[in-house]
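Residue numbers (our numbering): 26 to 564.
A virtual CB, placed ideally from N, CA and C, is assigned to each residue, including glycine.
These notes are about the structure you will find just below.
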Ligand code: TEU
């Protein structure tokens, strides 16, 4: 499949659309909104896990990879979704959580029952290391009747699988083949760069352990094997890479390696972490962002790798609240973020509600949170001596629940998401940020996204073209060109509220898209206003 010209849209199933009034989004809800997605310009939908699960981590803790949790629907519902999507030329991508299973999975239960075969499916040890779980606390849990510890890089209900065991790899291939048979067109692989653990487990004396298990020695070999043996080299595949590096991402995504179509990396979403710590707030370091974009883009281009382009997902706060200004420059800053990110070299992956400029949840009370990580970290921050108020403030900026609130369909009760009480509450910070109102407003963020997507699809330079960054003296001004044959597109964005004057020769260019009316350009000087962004074509 050609994935370079595609637009991918992530659906967090719990919060997208509820069809049966139980307050939880479901498969039939997605089917009912396919026309909306088609109209937006979406080609592929990545749906977060809906398999049987105790839902300790909202489905990223799978207890049965072959069946659908009744909360989200039935196999018949899913087949209907696949065929209705196909009628609209939309492909479905599934989220494969293969680094770990739920501790409720049959394999883990049998391991606890001392069945040797299944004990070898997981990582047990007599001696735990000092590694830290991504959700707080230690990464090993003691099991009394085995008198051993098992490794869980995430919650203690998510036990890491032992990929060094060929039986495990065969089991995982069977799962892929099963869903492929049903008509799925692609896969997103959860934290796939964590699957190859070291041969010897040792304490990390300088960090939390991640350097020992991220981008491990055998990840490439295991990925190649999985892709080849299941025949999905030509499917759209995205690997989520946790704490990765650029050279690994090149290897995972370069076409000739036949591993993945593209990769998610998170470096650009850590530019507001103080000392790389998610729970320490800091203003975004815009210079760092600029350096990261150009380094990653230029290296991926040179080495023939491919990026997934994104600002938002179900693990991140909303980009417009985080990097833009959702009070005074809501529409303008949301549109700037779209122009800057989605015209670079790579495949855009939008996250539900981003196209509406949906904002953070702005929760003020711990009882409003649902996410296991947020709830754990609240306690950790308190234990570190922080006040309740400070801890809640940090959560309100950093919690994953900021991005997990319900999709805003209209201004009726529960925002048109559900007839029942939603599993997570949400009062939109902006009254008109919903599909119905935005569809009627020519200047809305939603209509802008539609325009931008259509435009991207119409330009070879934006799909296949080369990218080049143009130096500016301002950290907040991002300028790049995209070129293919004779076609050239120029993209200029002001990432902040700082107004800048830039010397630039635009006489051979015409403006085709912008988040403002007209442009201020006189005598070779372009004045870029707060969050102004524009797209120009060489005539
Ligand atoms: O995320 C992996 C991941 O690295 C993040 O969860 C990150 O560690 C977290 O946001 C800490 O700040 C994937 C899924 O996207 C996430 O929803 C799951 O919880 C996680 O894997 C475990 O499966």
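### Message
For the ligand TEU, is there any heavy atom lying closer than 7 Å to the beta carbon of residue 179?
### Response
As a working mapping, residue 179 is identified with position 154 in the chain shown. At a cut-off of 7 Å, the beta-carbon of residue 179 counts as near the ligand TEU: some heavy atom of the ligand is closer than that.
### Task
Taking 8 Å as the cut-off, decide whether the C-beta atoms of residue 382 and residue 280 are in contact.
The residue labelled residue 382 in the question sits at position 357 within the chain shown. The residue labelled residue 280 in the question sits at position 255 within the chain shown. In this structure, residue 382 lies away from residue 280, with their beta-carbon atoms at least 8 Å apart.
### Cα-Cα separation between residue 304 and residue 419, rounded to whole angstroms
Your numbering for residue 304 matches position 279 in the chain shown. Your numbering for residue 419 matches position 394 in the chain shown. Those two C-alpha atoms are separated by around 7 Å.
### Query
Counting only runs that start and end within the segment 342-407, where is the beta strand (DSSP E) found for 3 or more residues in a row?
Taking only runs of at least 3 residues, the beta strand (DSSP E) segments lying wholly in the segment 342-407 are 372-376.
### Query
Going by the beta-carbon positions, is the gap between residue 265 and residue 214 smaller than 8 Å?
Indexing the chain shown from 1 puts residue 265 at position 240. Indexing the chain shown from 1 puts residue 214 at position 189. In contact: residue 265 and residue 214 (Cβ atoms closer than 8 Å).
### Query
Per DSSP, which one or two residues make a beta bridge with residue 116?
On the chain shown, position 91 is the one that residue 116 refers to. DSSP output for residue 116 lists 69 as bridge partner(s).
### Task
Report the residue from 506, 437 and 313 whose alpha carbon sits nearest the alpha carbon of residue 515.
In the chain shown, the residue the question calls residue 515 occupies position 490. Ranked by how close their Cα comes to the Cα of residue 515, the residues 506, 437 and 313 have 506 in first place.
### Message
Within a Cβ cutoff of 7 Å, which residues of the same chain sit near residue 307, ignoring the five residues on either side of it in sequence?
### Response
For the purposes of this step, residue 307 is taken as residue 282 along the chain shown, with counting starting at 1. Its chain contains 297, 298 and 299 as the residues whose beta carbon lies nearer than 7 Å to that of residue 307, once the 5 sequence neighbours on both sides are disregarded; these appear in chain order.
### Query
From what residue to what residue does the beta strand (DSSP E) around residue 165 run?
Walking along the chain shown from the start, residue 165 turns up at place 140. Counting along the chain, the beta strand (DSSP E) containing residue 165 begins and ends at 165-168.
### Message
Taking 7 Å as the limit between beta carbons, can you name the residues of its chain near residue 403, skipping five residues before and five after?
### Response
As a first step, residue 403 must be located in the chain shown, where it is residue number 378. Within its own chain, the residues whose Cβ lies closer than 7 Å to the Cβ of residue 403, once the five positions on either side in sequence are excluded, are 391, 416 and 420, listed in chain order.
### Message
Which of the three DSSP states is assigned to residue 135 in this structure?
### Response
The residue you call residue 135 lines up with position 110 of the chain shown. Residue 135: helix per DSSP, three-state reduction.
### Task
State the DSSP-derived secondary structure class of residue 246, mapped to helix, strand or coil.
The count along the chain shown starts at 1 and reaches residue 246 at position 221. Secondary structure at residue 246: helix, using DSSP grouped into helix, strand and coil.
#### Entry: Alpha carbon of residue 414 to alpha carbon of residue 406, nearest angstrom
Reading the chain shown from its first residue, position 389 is the one you call residue 414. Reading the chain shown from its first residue, position 381 is the one you call residue 406. Answer to the nearest angstrom: the Cα atoms are 11 Å apart.
### Query
Does the ligand TEU have a heavy atom nearer than 7 Å to the CB of residue 85?
Here residue 85 is taken as the residue at index 60 of the chain shown, counted from 1. Checking the Cβ of residue 85 against the ligand TEU gives yes.
### Query
When the Cβ atoms of the segment 243-253 are set against those of the segment 179-198, are three or more pairs found closer than 8 Å?
Contact holds between the segment 243-253 and the segment 179-198, because three or more Cβ pairs, one in each stretch, are under 8 Å apart.
### Query
What's the gap between the Cα of residue 494 and the Cα of residue 377?
For the purposes of this step, residue 494 is taken as the residue at position 469 of the chain shown. For the purposes of this step, residue 377 is taken as the residue at position 352 of the chain shown. When the Cα atoms are used, residue 494 and residue 377 turn out to be separated by approximately 29 Å.
### Query
Can the beta-carbon of residue 145 be found less than 8 Å from the beta-carbon of residue 361?
Position 120 of the chain shown, counted from the first residue, corresponds to residue 145. Position 336 of the chain shown, counted from the first residue, corresponds to residue 361. In terms of Cβ geometry, residue 145 and residue 361 do not form a close pair [threshold 8 Å].
### Message
Quick check: the Cα distance between residue 492 and residue 534, rounded to an integer number of angstroms?
### Response
Walking along the chain shown from the start, residue 492 turns up at place 467. Walking along the chain shown from the start, residue 534 turns up at place 509. For residue 492 and residue 534, the gap between their C-alpha atoms comes out near 17 Å.
### N-terminal and C-terminal residue of the alpha helix (DSSP H) that residue 202 is part of
Your numbering for residue 202 matches position 177 in the chain shown. Note, residue 202: alpha helix (DSSP H), 191-206.
### Any non-hydrogen atom of the ligand TEU closer than 7 Å to residue 267 Cβ
Within the chain shown, residue 267 is the residue found at index 242, counting from 1. Judged by the Cβ position, residue 267 qualifies as a neighbour of the ligand TEU at the 7 Å threshold, a heavy atom of the ligand being closer than this.
#### Entry: Other residues of its chain near residue 105: CB distance less than 7 Å, five sequence neighbours each side excluded
Walking along the chain shown from the start, residue 105 turns up at place 80. Taken in chain order, the residues that qualify are 56.
### Query
Looking at C-alpha atoms only, which residue of 286, 325, 284 and 268 is the closest neighbour of residue 240?
Stepping through the chain shown from its first residue, residue 240 is reached at position 215. The option with the nearest alpha carbon to residue 240 is 268.
#### Entry: Integer-rounded CB distance, given that residue 62 should sit under 8 Å from residue 567
One cannot answer for residue 567 here, as it falls past the ends of the chain, which runs 26 to 564.
### Query
For residue 340, is the beta carbon positioned less than 7 Å from some heavy atom of the ligand TEU?
Your numbering for residue 340 matches position 315 in the chain shown. Within the cutoff, so yes.
### Query
Assuming residue 288 and residue 332 make a contact with CB atoms under 8 Å, what is their CB distance in whole Å?
On the chain shown, residue 288 is found 263 positions in, with the first residue counted as 1. On the chain shown, residue 332 is found 307 positions in, with the first residue counted as 1. Confirmed, about 7 Å.
### Cβ-Cβ distance between residue 501 and residue 311 below 8 Å
In the chain shown, counting from the first residue as 1, residue 501 sits at position 476. In the chain shown, counting from the first residue as 1, residue 311 sits at position 286. A contact, by the Cβ cut-off of 8 Å.
### Query
For the beta strand (DSSP E) that residue 527 lies in, which residues bound it at each end?
Taking the chain shown and counting its residues from 1, the one referred to as residue 527 is at position 502. For residue 527, the uninterrupted beta strand (DSSP E) run begins and ends at 525-528, by DSSP.
### Task
Helix, strand or coil for residue 550, going by three-state DSSP, please let me know.
Translated into the one-based positions of the chain shown, residue 550 becomes position 525. Here residue 550 sits in strand by DSSP.
### Query
By DSSP, does residue 499 sit in helix, in strand, or in coil?
By one-based count along the chain shown, residue 499 stands at place 474. Coil at residue 499, not helix or strand.
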